[in-house]
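2 protein chains.
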Amino acid sequence: MAKRLWSHQWGQWAEESQKSKRIRRSQHIFATCRDPAGPKSEALRELVKKHPSAITIISLDADDPSSVKESAKKVGSLLGNNGLNLLVNNAGIVANGTIQTSSVEDMKNTFNTNVIGPLLIIREYLLYLQMAAKASRIPGMSSNKAAVINISTVAGSMTRMPSIYNQFPTLPYGVSKAGFNMLTVLAAEEFKADEILCMALHPGWVKTELGGDEATLEPKESVEGMLRVIGSLTEKQHGGFLDYTGETVTW
Amino acid sequence: MAKRLWSHQWGQWAEESQKSKRIRRSQHIFATCRDPAGPKSEALRELVKKHPSAITIISLDADDPSSVKESAKKVGSLLGNNGLNLLVNNAGIVANGTIQTSSVEDMKNTFNTNVIGPLLIIREYLLYLQMAAKASRIPGMSSNKAAVINISTVAGSMTRMPSIYNQFPTLPYGVSKAGFNMLTVLAAEEFKADEILCMALHPGWVKTELGGDEATLEPKESVEGMLRVIGSLTEKQHGGFLDYTGETVTW
Numbered sequence: 001m002a003k004r005l006w007s008h009q010w011g012q013w014a015e016e017s018q019k020s021k022r023i024r025r026s027q028h029i030f031a032t033c034r035d036p037a038g039p040k041s042e043a044l045r046e047l048v049k050k051h052p053s054a055i056t057i058i059s060l061d062a063d064d065p066s067s068v069k070e071s072a073k074k075v076g077s078l079l080g081n082n083g084l085n086l087l088v089n090n091a092g093i094v095a096n097g098t099i100q101t102s103s104v105e106d107m108k109n110t111f112n113t114n115v116i117g118p119l120l121i122i123r124e125y126l127l128y129l130q131m132a133a134k135a136s137r138i139p140g141m142s143s144n145k146a147a148v149i150n151i152s153t154v155a156g157s158m159t160r161m162p163s164i165y166n167q168f169p170t171l172p173y174g175v176s177k178a179g180f181n182m183l184t185v186l187a188a189e190e191f192k193a194d195e196i197l198c199m200a201l202h203p204g205w206v207k208t209e210l211g212g213d214e215a216t217l218e219p220k221e222s223v224e225g226m227l228r229v230i231g232s233l234t235e236k237q238h239g240g241f242l243d244y245t246g247e248t249v250t251w
Numbered sequence: 001m002a003k004r005l006w007s008h009q010w011g012q013w014a015e016e017s018q019k020s021k022r023i024r025r026s027q028h029i030f031a032t033c034r035d036p037a038g039p040k041s042e043a044l045r046e047l048v049k050k051h052p053s054a055i056t057i058i059s060l061d062a063d064d065p066s067s068v069k070e071s072a073k074k075v076g077s078l079l080g081n082n083g084l085n086l087l088v089n090n091a092g093i094v095a096n097g098t099i100q101t102s103s104v105e106d107m108k109n110t111f112n113t114n115v116i117g118p119l120l121i122i123r124e125y126l127l128y129l130q131m132a133a134k135a136s137r138i139p140g141m142s143s144n145k146a147a148v149i150n151i152s153t154v155a156g157s158m159t160r161m162p163s164i165y166n167q168f169p170t171l172p173y174g175v176s177k178a179g180f181n182m183l184t185v186l187a188a189e190e191f192k193a194d195e196i197l198c199m200a201l202h203p204g205w206v207k208t209e210l211g212g213d214e215a216t217l218e219p220k221e222s223v224e225g226m227l228r229v230i231g232s233l234t235e236k237q238h239g240g241f242l243d244y245t246g247e248t249v250t251w
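Top to bottom, those sequences are chains F and X.
Under UniProt numbering, residues 1 to 251 are what the first sequence spells out, in order.
Under UniProt numbering, residues 1 to 251 are what the second sequence spells out, in order.
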């Protein structure tokens with residue numbers, strides 16, 4: 001049975017991945033969030049009621065190294081010998097600012113959540129991804145074998161961000177996501193020998209708490225697109241950067 | 001008289017720029033360093049003895065926002081109405097590590113010195129760069145008018161770093177420099193209207209405290225190359241990434 005970890009806070013991932021035809025139906029999802037009992041996790045709790053055997057909610061705060069460690073221990077205890085097939089690093093915060101207005105605190109907080117958080121998550125779950133890669137009989141790389149999908153953004157692209165910047169001056173966010181992209185290409189380099197696929201994915205501009213009401217995409221449309229892309233990945237996309245439609249994003 | 005700020009710790013900059021034919025001879029240099037009275041600044045102090053009217057040593061610690069502010073106040077009090085023509089952001093630290101071994105402390109420290117430091121330096125000196133751009137009668141952009149040169153590295157390039165990474169697993173450094181590159185392209189976007197040139201420059205692998213003894217380039221060769229590049233910049237390189245030989249580095 002394929003095991004997937006959606007990290008974190010996006011109930012839509014769990015919902016849509018239940019319906020996806022491209023990724024294996026027989027699967028178990030660990031949906032992580034900061035506060036499983038809190039009001040923001042209500043939709044996720046409802047979903048678990050509908051699919052009690054398919055989804056487990058795990059408490060995880062990407063900003064807190066001990067919470068990351070604890071979550072991995074918990075997931076580890078629930079996993080079988082076949083490990084974890086797919087880790088989606090979906091945690092992220094945005095902060096606005098320009099050269100003249102960005103606060104040091106926003107620079108540090110975005111870096112902490114958007115870069116150090118995923119680094120720690122990848123590190124703590126690596127053992128289970130390695131187990132999945134070893135247990136798999138599928139040749140090459142794929143998201144059904146072992147993969148890390150880092151949810152990035154065109155705001156982390158040196159070539160794409162400048163034209164976005166005047167309308168959306170989010171310097172702390174852009175800087176952190178460029179660092180996150182570097183983390184992705186280096187993880188890809190490091191995990192080549194383990195045959196763990198690793199790539200960056202731009203979800204589009206989505207109507208979420210982060211994206212805001214003016215965003216152009218419904219969460220459903222974005223997640224459906226990303227699941228299609230995730231399901232179609234091979235070693236050709238290892239270390240790459242795609243958007244939710246499957247188009248390559250230039251660094 | 002052109003005013004230049006070398007920020008910080010590299011006496012070679014001051015020495016070579018005194019001899020450069022490409023940048024204006026009539027100039028004053030503010031050479032910044034963390035500890036002007038300490039043993040590491042001895043060579044710089046010797047240089048000032050040789051060129052007392054051309055170089056002023058300024059105390060600056062890129063990690064300390066109040067030190068950055070103080071240094072700008074001091075330089076401001078010494079500048080005339082023509083402002084500051086050139087700011088070279090040369091501060092940087094390196095930290096080794098992989099996904100599995102990078103410490104949270106190293107991630108934070110490299111980001112602080114290599115990204116937040118330059119952000120604060122650019123912000124605090126911006127007024128003087130704007131003064132220089134306004135006072136200049138030179139059309140377009142150039143380093144003789146008003147420019148920010150961010151000393152980056154190929155280790156901050158998504159396309160170049162992976163092949164370097166196996167030999168030099170410096171994940172915290174690479175991640176911070178990718179963030180620094182994003183800072184550069186966004187500063188370029190922001191300063192377009194002011195006609196302040198802004199770009200990233202790779203110095204090569206240099207025998208400095210950071211580069212180590214195995215490095216392939218002498219500081220003199222690297223700095224001579226960079227001064228040639230800096231002296232030849234036009235608006236075509238605004239927001240770009242070049243190495244010390246003038247070759248474009250892909251992001």
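All residues carry an ideal CB built from backbone N, CA and C; glycine is no exception.
These numbers come from a predicted model, not from an experiment.
query: Pair every Cβ in the segment 227-241 of chain F with every Cβ in the segment 169-177 of chain F, then say whether three or more of these pairs are closer than 8 Å.; result: no
query: Could you list which residues in chain F have their beta carbon closer than 7 Å to that of residue 178/X, in chain order?; result: 178, 179, 181, 182
query: How many angstroms separate the CA atom of residue 38/X from the CA atom of residue 48/X?; result: 15 Å
query: Determine, using beta carbons only, whether residue 153/F comes closer than 8 Å to chain X.; result: no
query: So within the segment 201-236 of chain X, which uninterrupted alpha helix (DSSP H) runs reach at least 4 residues, ignoring any that extend past its ends?; result: 219-232
query: Specify the secondary structure class of residue 25/F as computed by DSSP and reduced to three states.; result: Model confidence at residue 25/F stands at a pLDDT of 49, short of 50, so the residue's coordinates are unreliable and nothing is read from them.
query: How close, in whole Å, do the beta carbons of residue 189/F and residue 165/X come, if the pair is a contact with beta carbons under 8 Å?; result: 5 Å
query: Measure from the C-beta of residue 239/X to each C-beta in chain F and report whether the shortest distance is under 8 Å.; result: yes
query: Report the rounded CA-to-CA distance for residue 157/F versus residue 65/F, giving the unit in angstroms.; result: 27 Å
query: For chain X, check one thing: does any of its Cβ atoms lie closer than 8 Å to the Cβ of residue 123/F?; result: yes
query: Quick one: residues in its chain with C-beta nearer than 6 Å to the C-beta of residue 199/X, no 5 flanking neighbours on either side, listed in chain order?; result: 237, 240
query: Do you know how far the Cα of residue 105/X is from the Cα of residue 4/X?; result: 33 Å
query: Helix, strand or coil for residue 168/F per DSSP?; result: coil
query: Along the beta strand (DSSP E) that carries residue 59/X, what are the first and last residues, could you check?; result: 55-59
query: Could you check the C-alpha separation between residue 193/F and residue 160/X for me, to the nearest Å?; result: 19 Å
query: Determine, for residue 187/X, whether the minimum Cβ-Cβ distance to residues of chain F falls below 8 Å.; result: yes
query: Counting only beta-carbon separations shorter than 8 Å, does residue 25/X have a partner in chain F?; result: Because residue 25/X carries a pLDDT of 49, less than 50, the predicted location of this residue cannot be relied on, and no value is offered for it.
query: In this structure, does DSSP put residue 243/F in helix, strand or coil?; result: strand
query: Measure from the C-beta of residue 3/F to each C-beta in chain X and report whether the shortest distance is under 8 Å.; result: no
query: Flag residue 168/F as yes if its beta-carbon sits less than 8 Å from any beta-carbon of chain X, otherwise no.; result: no
query: Output the boundary residues of the beta strand (DSSP E) element that contains residue 89/X.; result: 86-89
query: For a test of the three-state rule: what should DSSP assign to residue 141/F, helix, strand or coil?; result: coil
query: Using 10 angstroms around the beta-carbon of residue 50/X, count the other beta-carbons present and answer buried if the total reaches 16, otherwise exposed.; result: exposed
query: Can you list the residues of chain X that residue 104/F reaches, using a CB-CB cut of under 7 Å?; result: 65, 116
query: Bridge partners for residue 182/F per DSSP, in chain order?; result: In the DSSP output, where bridge partners are listed per residue, residue 182/F has none listed.
query: Let me know if residue 123/F comes out buried or exposed under the rule of 16 or more other beta-carbons within 10 Å of its beta-carbon.; result: buried
query: Following the continuous beta strand (DSSP E) through residue 147/X, name the residue where it begins and the one where it ends.; result: 147-151
query: May I ask you to list, following chain order, the residues of the segment 83-107 of chain F that have a beta carbon less than 8 Å from some beta carbon of chain X?; result: 98, 99, 100, 102, 104, 107
query: Let me confirm a value: residue 213/X is counted as buried when at least 16 other C-beta atoms fall within 10 Å, else exposed. Which label applies?; result: exposed
query: Kindly identify the DSSP beta-bridge partner or partners of residue 197/F.; result: 147/F
query: Identify every run of the beta strand (DSSP E) within the segment 78-117 of chain X, keeping only runs that are complete inside it and at least 3 residues long; order them along the chain.; result: 86-89
query: May I ask which residues mark the beginning and end of the alpha helix (DSSP H) holding residue 160/X?; result: Run containing residue 160/X: none; DSSP gives neither H nor E here.
query: Sort 92/F, 73/F, 54/F by Cα distance to residue 254/F and report the nearest one.; result: Any answer about residue 254/F is impossible in this case: the structure gives chain F only from 1 up to 251.
query: How would you list, in chain order, the residues of chain X whose beta-carbon sits under 9 Å from the beta-carbon of residue 161/F?; result: 182, 185, 186, 189
query: Looking only at DSSP bridge pairs, what is residue 250/X linked to?; result: Partner(s): none; residue 250/X has no beta bridge.
query: Using 8 Å as the limit for Cβ to Cβ distance, is residue 249/F near chain X?; result: no
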